[in-house]
Every structure is written in structure tokens, then in C-alpha cells.
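When we follow the numbering used here, the leftmost residue of the sequence shown carries the number 16, and every step to the right adds one.
Quick reminder that beta carbons are idealized off the backbone N, C-alpha and C, glycines included.
In this text the structure is predicted, and so the values were computed from the model without any measurement.
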Amino acid sequence: MSLNAEQHQQPQPAEEVIDLRKYFSVINRSKWRILLLATLIAILSAFIVLNMKQVFSAKATLLIEAQQAKAVKIEEVYGMNSAQQEYYLTQFEILKSRTIAETVITRLKLAEHPDYAPKESITDIIKGWLPFLPSANNEEKTAEQLGLERREKLLAKFIENLTVEPVRKTQLVNIYFESHDPKLAADVANAIGETYIDSQLEAKMGITQKANTWLGGRLGELRQRLDDSEKAMQEFRLREGLIDVAGVRSLGSQELERLGVELTAARSKKAQVDSFIRVIAQYGKNNVDKLESLPEITAHPSVQNVKKEVVTAERKVSELSKTYGPKHPKLLAVKSELATVQENLREQIRKLIAGIENESQTEGQNLASLEAEMARAKGQYQDVSGKEAEYQRLQREVETNRQLFDTFMSRQKETEVAGNFDSAIARFTDRAISATEPIKPKRKLIVILAFVAALGFGVVVAFVMESLNDTIKTTQDVETVLQQRSLGIIPKLMEKKTLSEFNRTFFDTENRPFSEAVRSIRTSLALLALDRPLQLLVVTSSVPEEGKSTVSSNLSFAFAQLESVLLIDADM
Numbered sequence: 016m017s018l019n020a021e022q023h024q025q026p027q028p029a030e031e032v033i034d035l036r037k038y039f040s041v042i043n044r045s046k047w048r049i050l051l052l053a054t055l056i057a058i059l060s061a062f063i064v065l066n067m068k069q070v071f072s073a074k075a076t077l078l079i080e081a082q083q084a085k086a087v088k089i090e091e092v093y094g095m096n097s098a099q100q101e102y103y104l105t106q107f108e109i110l111k112s113r114t115i116a117e118t119v120i121t122r123l124k125l126a127e128h129p130d131y132a133p134k135e136s137i138t139d140i141i142k143g144w145l146p147f148l149p150s151a152n153n154e155e156k157t158a159e160q161l162g163l164e165r166r167e168k169l170l171a172k173f174i175e176n177l178t179v180e181p182v183r184k185t186q187l188v189n190i191y192f193e194s195h196d197p198k199l200a201a202d203v204a205n206a207i208g209e210t211y212i213d214s215q216l217e218a219k220m221g222i223t224q225k226a227n228t229w230l231g232g233r234l235g236e237l238r239q240r241l242d243d244s245e246k247a248m249q250e251f252r253l254r255e256g257l258i259d260v261a262g263v264r265s266l267g268s269q270e271l272e273r274l275g276v277e278l279t280a281a282r283s284k285k286a287q288v289d290s291f292i293r294v295i296a297q298y299g300k301n302n303v304d305k306l307e308s309l310p311e312i313t314a315h316p317s318v319q320n321v322k323k324e325v326v327t328a329e330r331k332v333s334e335l336s337k338t339y340g341p342k343h344p345k346l347l348a349v350k351s352e353l354a355t356v357q358e359n360l361r362e363q364i365r366k367l368i369a370g371i372e373n374e375s376q377t378e379g380q381n382l383a384s385l386e387a388e389m390a391r392a393k394g395q396y397q398d399v400s401g402k403e404a405e406y407q408r409l410q411r412e413v414e415t416n417r418q419l420f421d422t423f424m425s426r427q428k429e430t431e432v433a434g435n436f437d438s439a440i441a442r443f444t445d446r447a448i449s450a451t452e453p454i455k456p457k458r459k460l461i462v463i464l465a466f467v468a469a470l471g472f473g474v475v476v477a478f479v480m481e482s483l484n485d486t487i488k489t490t491q492d493v494e495t496v497l498q499q500r501s502l503g504i505i506p507k508l509m510e511k512k513t514l515s516e517f518n519r520t521f522f523d524t525e526n527r528p529f530s531e532a533v534r535s536i537r538t539s540l541a542l543l544a545l546d547r548p549l550q551l552l553v554v555t556s557s558v559p560e561e562g563k564s565t566v567s568s569n570l571s572f573a574f575a576q577l578e579s580v581l582l583i584d585a586d587m
């Protein structure tokens with residue numbers, strides 16, 4: 016039922032706010048049903064858990080050796096590097112391998128144990144009840160196929176119950192096995208460790224024997240190759256007449272170095288002489304006056320001595336010319352001496368030029384001789400170098416063959432010694448013993464978790480039911496869903512009265528809360544009429560007999576205390 020004012024303006028929808036009280040009220044209304052659901056589920060879980068078979072776990076601990084005890088060092092033959100992390104990871108995977116599992120299953124005869132005996136599947140049971148159902152396979156399986164299938168199921172179940180767990184930063188590894196039989200769990204855990212140790216010893220012995228056989232077969236071939244290479248090197252030395260190849264090569268190198276120095280000096284001297292001859296040819300051999308000014312000529316000792324005589328004679332002529340006349344015998348004698356000395360100077364210069372030309376020819380012949388000697392020495396050196404290279408190649412082949420032969424001989428001796436030395440790759444630090452307490456099922460924990468989960472499920476169901484319930488139950492629902500302002504709440508009258516008595520409850524002194532609620536609605540309507548007075552009010556409801564007559568009549572009595580009211584019954 017609602018009250019509408021003709022002039023009432025609808026308020027704008029308020030911003031949505033999370034109201035925790037609303038959620039708590041939903042849980043509070045459904046709390047007994049939620050608790051009942053959780054209790055029933057906990058009881059059912061306890062019944063199921065009590066009928067579950069207990070599972071026991073046994074633990075055996077192995078120490079995997081990083082460096083196994085060896086009679087000799089033959090890691091190269093085995094191809095293992097136990098210093099690497101991959102080595103331990105490989106051993107852990109071997110412990111979980113199919114081969115180890117199959118060996119343990121056969122050794123302990125687990126196929127005959129009740130825990131691993133083949134059980135009839137649900138499909139087979141249904142087919143037994145309803146034999147007319149068609150078979151899933153068109154063709155019947157053979158006995159071999161059925162046996163293989165049972166074997167695979169047994170192996171899968173075995174591996175499922177096995178756990179290999181390495182201990183961090185150690186060489187230890189824990190082997191866990193779970194079973195309904197505590198003794199069987201301990202026996203299997205110990206058997207896995209023993210089988211692993213035996214399999215590694217067998218593999219090691221097998222590799223040793225194969226390596227020994229292979230090395231022995233290769234030694235004969237390597238010995239023959241070594242003999243052939245030594246014979247070839249000796250024949251080469253005899254054929255080429257080599258005694259000390261390194262000494263001959265050193266002498267050749269020294270001779271080349273000496274000839275190189277002499278050849279450089281000869282070329283430099285020949286270049287100087289040729290340069291001087293070109294200057295002489297430019298000036299002319301007979302032009303003594305110009306040639307006399309050349310530094311190469313003036314610097315020659317014989318020319319310098321003659322020049323000193325020329326200077327002395329010229330000084331005498333100059334001194335006597337100041338005293339005597341040009342016809343004086345003394346002056347004429349000095350002039351004759353000066354002419355003689357000057358002619359001697361020219362003769363010395365001509366001889367010097369002729370000597371330089373002869374020297375050029377001599378230097379040319381010497382240079383040609385040195386170049387021929389250098390070419391001959393180079394040829395001899397190259398020949399010796401070629402022989403040395405061939406000799407070194409033969410020598411390297413001999414050394415390589417000898418190293419291979421020595422290595423294979425050493426490995427064969429090692430494998431022969433190690434063939435009879437049994438060194439375990441791992442050992443037990445703790446053997447598994449029969450467990451006294453099961454590891455699962457954890458009955459108390461399961462029941463508690465089931466109870467908690469049921470509580471959560473019940474709460475979720477309560478919220479889902481609440482969200483599916485679209486009825487209006489509170490004044491907040493009115494404002495949220497209908498987007499109308501709530502004028503007030505009138506309490507429900509529980510007494511058995513007539514309609515006329517209900518319509519006059521406003522004057523009943525025993526129902527003062529009802530009267531106050533009606534006055535509160537009257538006040539809310541009066542506040543709405545502050546701007547524009549209300550002249551018409553309509554009282555209606557969503558379903559029949561919801562209290563329209565009671566509300567309209569009592570509200571009319573409330574307004575009648577303030578002003579005149581006309582009440583119209585318009586229920587169609």
C-alpha cells in the first residue's frame with residue numbers, strides 16, 4: 016500500500032552505497048537454515064571419512080655420492096660429471112623411472128597383493144547387471160592385451176603412490192611410498208633404493224666391459240698407425256740427408272741477414288756515386304772551373320792540398336806585383352809557378368772524376384754479385400724451410416699417434432683394474448620402517464573443512480535467494496526500487512476487530528504507536544505542502560485487503576484535527 020500526493024515531486028535516485036547491515040540481516044534471517052545445512056554436511060562427511068581406508072607412508076633416505084670411490088680415474092669412459100647439478104637431477108629421475116618400478120613390482124610380487132589386485136570397474140558391474148548393453152569394443156581383447164593393460168594399470172598406480180623428494184643443498188634424497196599396508200610401504204621404499212643401487216652397479220659394470228673390449232680392439236690399429244708414421248719420418252730424414260734441420264735453418268737465416276745488410280750498404284754507396292756522376296755529366300767533364308766548386312771535389316784531400324799551393328802562389332804573385340813590374344823576372348817566375356799549380360789542380364780534378372767513374376763500375380759489379388748471392392741464399396733457405404715443414408708434419412703425425420696410443424693403453428689398463436671393483440653410487444642413510452600413524456585421511460580436518468565449506472555455501476545460497484526475491488520489505492526498498500519518498504511506517508494491527516473498529520484505531524488509547532505513526536505521516540505530508548498546498552490524496556495498494564480503508568480513514572481523522580476533510584471510497 017502507498018500514499019501518493021498529487022503535487023509530490025519524485026526525488027532523484029541517491030548514489031548507491033554498500034550497506035553491510037543489509038548483508039548481515041540477510042545472513043541473520045537464514046542463520047538457522049545455514050547451520051542446519053552445515054551440520055548435515057559435516058555429519059555426512061564424517062560418515063564417509065570413517066568408511067575410508069587409512070593410508071600409511073614410509074620414508075627411506077639415500078645418499079647419492081658426488082664422487083664414487085674408484086680404483087683408477089675413468090670418468091671419461093663412463094661419461095659422467097658428478098660435479099654438475101644435472102647429475103643429481105638425472106639420478107632423481109632414474110629413481111622414479113619405469114624400469115625401477117617394474118623391477119620392484121616383480122621382486123615383491125605386487126601383482127598378487129590385495130591393494131594392487133585387479134578390481135572390477137563400474138562399467139563391468141553395470142554390464143553384469145544389464146548384459147544386453149552393447150560392448151564398448153567391437154572385438155574381444157586377447158589375453159596378452161588384457162595382461163598388458165592390467166600391467167600398465169598396476170604400474171600407473173605404483174608410480175602414483177611413489178614420491179622422490181631431494182633434500183635442498185644436500186646429496187640426500189627421500190623416497191616416500193604410500194600404501195594401506197604399513198609394512199608394504201616400508202618394503203617398497205627400501206626395495207626402490209636397493210634396486211636403484213643394483214641397477215647403477217650393473218650399468219657401470221656393463222659400460223666398463225664394453226669399454227675394455229672396444230679399447231682392446233682399437234689398440235692394434237693405433238699401434239700400426241704409430242709404426243707407419245715413425246717409419247715414414249725416418250725414411251724422409253735419410254732421403255733428404257737431414258741431421259739437424261733446426262741448425263741448418265738457423266745458419267741460412269744468419270747468412271740471409273748478413274747479405275741483406277751488405278746489399279743495403281752497397282746499394283746506398285752505388286746510389287751516391289751515380290748521383291755524383293750525374294752532376295758531373297750535367298756540368299761537363301772539361302768544365303774544371305764549375306766542377307771545382309762541387310763539395311764532393313773540394314772535400315777530397317788531394318784537391319785540398321793542391322788548392323793550398325794555389326792559394327800560396329796567388330799570395331806571392333799579389334805581394335810581388337806591388338813591388339816589381341810585370342816584366343820583372345821574379346814576378347814572372349812566381350806567375351809561372353802559379354800557372355803550374357793551377358794546371359796541377361785541374362789534373363787532380365780530372366783524375367778524381369776518372370776515379371769516381373771507375374768506382375761506379377766497381378760498385379755496380381759488387382752490387383750485382385751481392386744480389387746473385389742473395390738470390391742463391393734465398394733459394395737454399397726456402398728449400399730448407401720446405402723440408403722442415405714436411406719434417407714437422409711427419410713429426411706431428413708421429414706425436415699424435417703416440418698420444419692416442421698412450422691414452423688408449425692407459426684407459427684399457429684402468430678399465431681392466433676397475434672391472435672387478437664394485438663401488439656403490441649411493442647408500443642408505445635411513446631405511447624405511449613400518450609407520451604407526453596414517454598420513455590420510457585426516458578425518459578431523461576433513462570434517463571441519465566440510466563444515467566451513469557448507470557454511471560458506473549456505474551463505475552464498477542465502478544471498479542468491481535474497482537477490483531472486485524482488486518483493487519490497489523495507490522503506491529503503493521503496494526509495495531504491497520505486498524511487499519514491501517514504502512518508503512513514505504504520506504498525507500492523509494484530510487484534511481481531513471489525514472494520515469499523517480498525518478505521519477508528521486513531522482514537523484508541525491502547526494503540527498509541529499506531530496513532531503516532533499516522534500523525535508522523537500527516538507531518539510528512541504537511542512538509543510536502545509548504546510550497547503548494549495539497550488538496551487531493553490517494554491511498555492505494557498492490558493487493559486487496561492490505562489496509563487501504565484503515566489508513567485512509569485514520570489519516571482523515573488525523574487531518575480532521577487541523578482542517579476539514581472529505582473521505583471518498585473509490586475502490587472499484
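Cα atoms of residue 474 and residue 467: separation of roughly 11 Å, rounded to the nearest angstrom. Per DSSP, the continuous beta strand (DSSP E) segment holding residue 179 begins and ends at 177-181.
By alpha-carbon distance to residue 584, the top candidate from 346, 565, 248 is 565.
Here the segment 112-125 lies against the segment 198-207, with 3 or more beta-carbon pairs under 8 Å apart.
Beta-bridge analysis with DSSP links residue 442 to 78. Sequence-distant Cβ neighbours of residue 404 in its own chain, meaning closer than 6 Å and more than five residues away, do not exist here. If you ignore the 5 residues before and after residue 534, its C-beta comes within less than 8 Å of the C-beta of 573, all in its own chain and listed in chain order. Annotation: residue 452 is outside any beta strand (DSSP E) and is labelled neither H nor E by DSSP.
Straight through space, the alpha carbons of residue 67 and residue 61 are spaced by roughly 10 Å. The secondary-structure analysis by DSSP pairs residue 187 across a beta bridge with 78.
According to the DSSP assignment, residue 521 belongs to no alpha helix (DSSP H), since it is labelled neither H nor E. About 6 Å separates the Cβ atoms of residue 540 and residue 549, confirming a contact at the 8 Å cut-off. One thing to note: residue 75 has its Cβ within 8 Å of the Cβ of residue 443. Nearest C-alpha to residue 447 among 199, 333, 127: 199. DSSP places residue 579 outside both helix and strand once states are collapsed to three, so it counts as coil. Assigned with DSSP and collapsed to three states, residue 73 falls in strand.
Less than 8 Å separates the beta-carbon of residue 71 from that of residue 450. If you look at residue 59, you'll find it in the alpha helix (DSSP H) that goes 46-65.
Between the segment 416-428 and the segment 239-246 there are three or more inter-stretch CB-CB distances shorter than 8 Å, so the stretches are counted as touching. Taking every protein chain shown into account, the CB of residue 197 has 16 or more other CB atoms within 10 angstroms, so this residue is buried. In the three-state scheme derived from DSSP, where H, G and I count as helix and E and B as strand, residue 501 is classed as coil. A direct Cα-Cα distance of roughly 44 Å separates residue 518 from residue 51. Looking at the DSSP output, residue 194 sits in a beta bridge with 71. In the DSSP assignment, residue 473 falls within the unbroken alpha helix (DSSP H) covering 458-483. Around the Cβ of residue 373, a 10 Å sphere holds fewer than 16 other Cβ atoms; the residue is exposed. DSSP places residue 122 inside the alpha helix (DSSP H), whose first and last residues are 113-123. Between the alpha carbons of residue 53 and residue 465 lies a gap of roughly 8 Å. With at least 16 other beta carbons inside 10 angstroms of its own, residue 441 counts as buried. The beta carbons of residue 190 and residue 182 sit about 12 Å from each other, so the pair does not count as a contact at 8 Å.
A straight line joining the alpha-carbon of residue 285 with that of residue 380 spans about 10 Å. The beta carbons of residue 326 and residue 350 sit no closer together than 8 Å.
In this structure residue 556 is exposed. Its beta-carbon is surrounded by fewer than 16 other beta-carbon atoms within 10 angstroms. Counting other Cβ atoms within 10 Å of its Cβ, residue 210 reaches 16 or more and is therefore classed as buried. When secondary structure is reduced to three states using DSSP, residue 208 falls in the helix class.
Of the other Cβ atoms in all chains shown, 16 or more fall within 10 Å of the Cβ of residue 192; this residue is therefore buried.
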